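Going down the list, the protein sequences come from chains Y and S. If you're matching positions, the first sequence starts at 14 in this note's numbering and goes up one per residue. If you're matching positions, the second sequence starts at 14 in this note's numbering and goes up one per residue. A virtual CB, placed ideally from N, CA and C, is assigned to each residue, including glycine. Being a predicted model, the structure only gives us computed values, none of them experimental. Written below as structure tokens is the structure these notes are about.
2 protein chains.
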Amino acid sequence: MSRSVRRGEGFRWEDVPLEPYKETGNDFREVSRQLLFGHGEGLASDLRYFEVGPGGHTTLERHEHAHAVVVLRGRGRVLVDPEIREIRPFDLVHVPSLTWHQFRTTGDEPLGFLCVADGGRDRPRRPTPIELEELRRRPGVAGFVRI
Amino acid sequence: MSRSVRRGEGFRWEDVPLEPYKETGNDFREVSRQLLFGHGEGLASDLRYFEVGPGGHTTLERHEHAHAVVVLRGRGRVLVDPEIREIRPFDLVHVPSLTWHQFRTTGDEPLGFLCVADGGRDRPRRPTPIELEELRRRPGVAGFVRI
Chain Y
14 MSRSVRRGEG
24 FRWEDVPLEP
34 YKETGNDFRE
44 VSRQLLFGHG
54 EGLASDLRYF
64 EVGPGGHTTL
74 ERHEHAHAVV
84 VLRGRGRVLV
94 DPEIREIRPF
104 DLVHVPSLTW
114 HQFRTTGDEP
124 LGFLCVADGG
134 RDRPRRPTPI
144 ELEELRRRPG
154 VAGFVRI
Chain S
14 MSRSVRRGEG
24 FRWEDVPLEP
34 YKETGNDFRE
44 VSRQLLFGHG
54 EGLASDLRYF
64 EVGPGGHTTL
74 ERHEHAHAVV
84 VLRGRGRVLV
94 DPEIREIRPF
104 DLVHVPSLTW
114 HQFRTTGDEP
124 LGFLCVADGG
134 RDRPRRPTPI
144 ELEELRRRPG
154 VAGFVRI
């Protein structure tokens, strides 16, 4: 990264491409990804900005690596197993290792958040049918999750 | 960290103490620190929020670890050797390894920014008299730096 300062405006950033959330899959909806800082050269983590459009949701998944999230725009709800919580700008969301999680947007404005994750992270795993059945038994979860 | 969601409002966060920037030293002015997420358990980095009050500045220093910064409030100027750049909300600042840097606030509002840094990072070093002399020869730097 050669430039020390890159401008941000309207939740887009100079020299940062707007990317798909994931290359493949139909287990998410209306999600974009911008890699603000990549790991390497003195930084162990990636810092990404995700935006989930109206009616959208991220993948229901879990993994060994944790997520550190700061909400920047919009309103939404997040499952961090076993809790479902409302979120709004500047809230912090901690997703511990191996914890099922999913973000959903509430209302007409996109839900946007920064997310820190280790550069050398493991791949996310989706729930097996048995795990999904178990997860759905938690209060409120059956009506919340989108798969 | 037991709670999945912690509220943020007015650049303070639930269960996050407002800390001094550093324990000792007189090479900074009007700087506070909040540790939003600490490293460990699946996260290699710390995510901190720093706020530099009107007239304030961080320490002029460098270190092996890099910084990934997202400005959240206020206006300021930053030295990332050899550049001095104006910064405002949502701008990204990358401080590479071993690069002299210092943040200063412009105007009456505090300058606030998120900063990602490795958990196992090296200690910052201040410039020696010879390094400072060399640094001051860069355009604009002599009038900018505060030590």
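Exposed or buried, what is residue 79(Y) when buried is set at 16 or more other beta-carbons lying within 10 Å of its beta-carbon? Here residue 79(Y) corresponds to residue number 66 of the first sequence, with the count starting at 1. Answer is buried; the Cβ neighbour count reaches 16.
List the endpoints of the continuous beta strand (DSSP E) containing residue 67(Y). Numbered from 1 along the first sequence, position 54 holds the residue referred to as residue 67(Y). Looking at the DSSP string, the run of the beta strand (DSSP E) that includes residue 67(Y) is 58-70.
Can you confirm whether residue 9(Y), when its beta carbon is compared against all beta carbons of chain S, has any partner nearer than 7 Å? What is shown of chain Y runs 14 to 160, which leaves residue 9(Y) out entirely.
Indicate whether at least one CB of chain S lies closer than 7 Å to the CB of residue 45(Y). The count along the first sequence starts at 1 and reaches residue 45(Y) at position 32. False, the Cβ-Cβ gap to chain S never drops below 7 Å.
Taking the C-alpha atoms as reference points, what is the distance between residue 59(S) and residue 60(Y)? On the second sequence, residue 59(S) is found 46 positions in, with the first residue counted as 1. On the first sequence, residue 60(Y) is found 47 positions in, with the first residue counted as 1. Near 12 Å, if we compare the C-alpha coordinates of residue 60(Y) and residue 59(S).
Under a CB-based cut-off of 7 Å, is residue 103(Y) close to chain S? Along the first sequence, read from residue 1 onward, the residue named residue 103(Y) stands at position 90. For residue 103(Y), the answer is yes, since a Cβ of chain S falls inside 7 Å of its Cβ.
With DSSP as the reference, label residue 148(S) as helix, strand or coil. Taking the second sequence and counting its residues from 1, the one referred to as residue 148(S) is at position 135. Note: residue 148(S) maps to helix in three-state DSSP.
At least one CB of chain S closer than 7 Å to the CB of residue 146(Y): is that the case? Taking the first sequence and counting its residues from 1, one reaches residue 146(Y) at position 133. No - not a single Cβ of chain S is within 7 Å of the one on residue 146(Y).
According to DSSP, simplified to helix, strand and coil, what is residue 33(S)? Position 20 of the second sequence, counted from the start, is the residue given in the question as residue 33(S). Note: residue 33(S) maps to strand in three-state DSSP.
Report yes or no: is there a C-beta of chain S within less than 7 Å of the C-beta of residue 70(Y)? For the purposes of this step, residue 70(Y) is taken as the residue at position 57 of the first sequence. No, residue 70(Y) lies away from the interface with chain S (no Cβ there is under 7 Å from its Cβ).
Here's the rule I'm using: 16 or more other beta-carbon atoms within 10 Å means buried, otherwise exposed. How should residue 131(Y) be labelled? As a working mapping, residue 131(Y) is identified with position 118 in the first sequence. Residue 131(Y) should be labelled buried.
Residues of chain B with CB under 7 Å from residue 21(Y), in chain order? In the structure shown, chain B does not exist; the protein chains are Y and S.
In terms of alpha-carbon separation, which member of 62(S), 19(S), 36(S), 37(S) lies closest to residue 128(S)? Counting from 1 along the second sequence, the entry for residue 128(S) is found at position 115. Minimum Cα distance to residue 128(S) is reached at 62(S).
Look up residue 45(Y) in the DSSP assignment and give the residues it is bridged to. Along the first sequence, read from residue 1 onward, the residue named residue 45(Y) stands at position 32. In the DSSP output, where bridge partners are listed per residue, residue 45(Y) has 33(Y), 64(Y).
Cutoff 7 Å: residue 18(S) Cβ touching any chain Y Cβ: To locate residue 18(S), count along the second sequence from 1; it is residue 5. Residue 18(S) counts as touching chain Y.
Residue 81(S) versus residue 18(Y): straight-line alpha-carbon distance, rounded: Taking the second sequence and counting its residues from 1, the one referred to as residue 81(S) is at position 68. Taking the first sequence and counting its residues from 1, the one referred to as residue 18(Y) is at position 5. Going from the Cα of residue 81(S) to the Cα of residue 18(Y) covers about 10 Å.
CB contact below 7 Å: residue 56(S) versus chain Y: If you number the second sequence from 1, residue 56(S) lands on position 43. It does: the Cβ of residue 56(S) has a partner Cβ on chain Y nearer than 7 Å.
Start and end residues, alpha helix (DSSP H) containing residue 89(S): Along the second sequence, read from residue 1 onward, the residue named residue 89(S) stands at position 76. Element bounds for residue 89(S): not the alpha helix (DSSP H) but the beta strand (DSSP E), 88-93.
With 16 other Cβ atoms within 10 Å as the buried cut-off, status of residue 100(S): For the purposes of this step, residue 100(S) is taken as the residue at position 87 of the second sequence. Buried: at least 16 other Cβ atoms inside 10 Å.
Please determine if the region 86-101 of chain Y and the region 115-127 of chain Y are in contact, where contact requires at least 3 C-beta pairs separated by less than 8 Å. yes
Inter-residue Cα distance where the pair is residue 120(S) and residue 67(S): Sequence index remark: in the second sequence, residue 120(S) carries index 107 (1-based). Sequence index remark: in the second sequence, residue 67(S) carries index 54 (1-based). If I take the Cα positions, the gap works out to 6 Å.
Does chain Y have any CB closer than 7 Å to the CB of residue 154(S)? Taking the first residue of the second sequence as position 1, residue 154(S) is located at position 141. No, because no Cβ of chain Y sits closer than 7 Å to the Cβ of residue 154(S).
Cβ-Cβ distance between residue 40(S) and residue 143(S) below 7 Å: Within the second sequence, numbered from 1, the residue matching residue 40(S) stands at position 27. Within the second sequence, numbered from 1, the residue matching residue 143(S) stands at position 130. No, these two residues do not count as a Cβ contact at 7 Å.
Does any residue of chain S have a CB that is nearer than 7 Å to the CB of residue 96(Y)? As a working note, residue 96(Y) is residue 83 in the first sequence. With 7 Å as the cut-off, residue 96(Y) counts as an interface residue toward chain S.
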